[in-house]
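S.K.: Residue numbers (the UniProt record's numbering), protein chains in the order written: chain A, 1 to 125; chain B, 1 to 125.
Where a beta carbon is used, it is the ideal one built from N, C-alpha and C, also for glycine.
Nothing here was measured: the structure is a model prediction, and the numbers come from that model.
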DNA sequence: CAGCATCCTAGCAGATACTG
DNA sequence: CAGTATCTGCTAGGATGCTG
């Protein structure tokens with residue numbers, strides 16, 4: 001008998017927390033957006049996502065693959081050729097993340113203005 | 001003459017990166033969701049968001065306030081009383097974040113299954 | 001090309017104590 | 001109550017070198 005799991009990221013020990021953290025991680029969000037534009041190879045992703053190290057990209061992709069968000073297709077050739085794409089679930093998560101992105105673009109002026117106002121207030125005080 | 005800023009989080013040095021990271025940070029996402037349900041005081045938030053330390057909550061709230069996402073209202077009384085709420089911009093960002101959350105709930109079985117399958121494949125290999 | 005293994009460090013983050 | 005200040009540890013994350 002399995003107990004019913006109520007998934008709540010507000011609970012410290014909920015297994016959904018790590019998943020949420022993968023989806024919203026620094027590199028995770030960028031990778032999802034890039035893959036939403038289509039399949040990419042490892043080094044293509046690396047070039048698209050500015051500043052990501054090899055190690056962190058590999059780590060990020062593995063976490064997202066394990067979570068069922070990213071699909072990894074290995075072509076058995078030499079030199080190696082690996083294609084990364086979004087699963088159906090990944091398209092859903094990436095689309096949600098894209099919502100945040102779009103907001104960042106649309107409202108960038110508001111973010112920037114708020115920051116200036118905040119710093120101004122602090123400097124004055 | 002100001003140059004036109006093209007905001008691109010894919011660029012290493014784009015000022016939008018820190019903002020994106022605040023919005024998608026471990027505690028940032030949880031705080032936004034809680035505040036979407038209404039105004040909260042500091043220690044109310046602390047209780048709602050499981051596992052967050054005083055320090056990290058303060059830090060998170062300050063970053064979100066500076067970004068124009070969270071509004072901080074100080075009532076000049078003793079003992080202190082501070083109300084945190086979302087700005088209009090914050091409601092927008094929090095709603096986007098909520099999209100990710102809802103997905104996590106709706107599709108939790110798929111995430112869990114994917115993880116098991118992945119671990120199974122690895123153990124086998 | 002697509003990684004993994006190793007080493008190393010900055011700074012993220014927790015615990016504790018104190019203050020207006 | 002709502003924070004700061006300080007100390008410290010841990011680990012995310014970068015650099016480098018190697019492999020199938």
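From what residue to what residue does the alpha helix (DSSP H) around residue 24 (chain A) run?
M.R.: Taken as a continuous stretch (DSSP letters only), residue 24 (chain A) belongs to no alpha helix (DSSP H), as it is neither H nor E.
S.K.: In this structure, how does DSSP classify residue 67 (chain A) when only helix, strand and coil are distinguished?
M.R.: coil
S.K.: Taking the alpha-carbon of residue 108 (chain A) as reference, which of B:50, B:89, B:104, B:35 has the nearest alpha-carbon?
M.R.: B:89
S.K.: Give the range of the alpha helix (DSSP H) segment to which residue 12 (chain B) is assigned.
M.R.: For residue 12 (chain B), no alpha helix (DSSP H) encloses it, and the DSSP letter there is neither H nor E.
S.K.: Is it right to say residue 78 (chain B) is buried, meaning 16 or more other beta carbons lie within 10 angstroms of its own, or is it exposed?
M.R.: exposed
S.K.: Alpha carbon to alpha carbon, how far is residue 69 (chain A) from residue 97 (chain A)? Give it in angstroms, no decimals.
M.R.: 13 angstroms
S.K.: Going by CA-CA distance only, name the one from B:13, B:18, B:76, B:91 that's closest to residue 60 (chain B).
M.R.: Per the Cα distances, B:18.
S.K.: Which residues in chain A sit within 8 angstroms of residue 48 (chain B), going by Cβ to Cβ distance?
M.R.: 10
S.K.: Less than 7 angstroms separating the beta-carbons of residue 46 (chain A) and residue 115 (chain B)?
M.R.: At least 7 angstroms separates the beta-carbon of residue 46 (chain A) from that of residue 115 (chain B).
S.K.: DSSP puts residue 84 (chain B) in a beta bridge; with which residues?
M.R.: Note: residue 84 (chain B) sits in a beta bridge opposite B:40, B:72.
S.K.: Output, in chain order, the set of chain A residues within a Cβ distance shorter than 8 angstroms of residue 92 (chain B).
M.R.: 103, 107
S.K.: Could one say the Cβ of residue 1 (chain B) lies closer than 7 angstroms to chain A's Cβ atoms, at least one of them?
M.R.: Confidence in residue 1 (chain B) is poor, its pLDDT being 49 and thus under 50, which makes the residue's placement unreliable; the coordinate value appears in the next sentence. Output row for residue 1 (chain B): interface = no.
S.K.: Are residue 103 (chain B) and residue 94 (chain B) closer than 7 angstroms when you measure CB to CB?
M.R.: no
S.K.: Quick test of the definition: if touching needs 3 or more C-beta pairs under 8 angstroms, does the stretch 18–37 of chain B touch the stretch 18–29 of chain A?
M.R.: yes
S.K.: Over the uninterrupted alpha helix (DSSP H) stretch that includes residue 123 (chain A), give me the two end residues.
M.R.: Annotation for residue 123 (chain A): the continuous alpha helix (DSSP H) segment containing it runs 108–124.
S.K.: If the cut is a Cβ gap below 7 angstroms, which residues of chain B does residue 23 (chain A) touch?
M.R.: Result: 100.
S.K.: Given this structure, state the Cα-to-Cα distance separating residue 123 (chain B) from residue 117 (chain B), to the nearest angstrom.
M.R.: Each residue's alpha carbon lies about 10 angstroms from the other.
S.K.: By how many angstroms is the C-alpha of residue 7 (chain B) removed from the C-alpha of residue 15 (chain B)?
M.R.: Cα to Cα, the separation comes out at about 8 angstroms.
S.K.: Would you identify the three-state DSSP class for residue 7 (chain B), choosing helix, strand or coil?
M.R.: coil
S.K.: What's the C-alpha gap between residue 99 (chain B) and residue 57 (chain B)?
M.R.: 22 angstroms
S.K.: What does the Cβ neighbour count give for residue 80 (chain A), buried or exposed, with the cut at 16 atoms within 10 Å?
M.R.: exposed
S.K.: Between the Cα of residue 9 (chain B) and the Cα atoms of A:91, A:50, A:72, which residue gives the shortest distance?
M.R.: A:50
S.K.: Buried or exposed: where does residue 125 (chain B) fall if 16 or more other Cβ atoms within 10 Å of its Cβ makes it buried?
M.R.: Around the Cβ of residue 125 (chain B), a 10 Å sphere holds fewer than 16 other Cβ atoms; the residue is exposed.
S.K.: Relative to the C-alpha of residue 20 (chain B), which candidate in B:63, B:38, B:52 has its C-alpha closest?
M.R.: Checked all of B:63, B:38, B:52; the closest Cα to residue 20 (chain B) is B:63.
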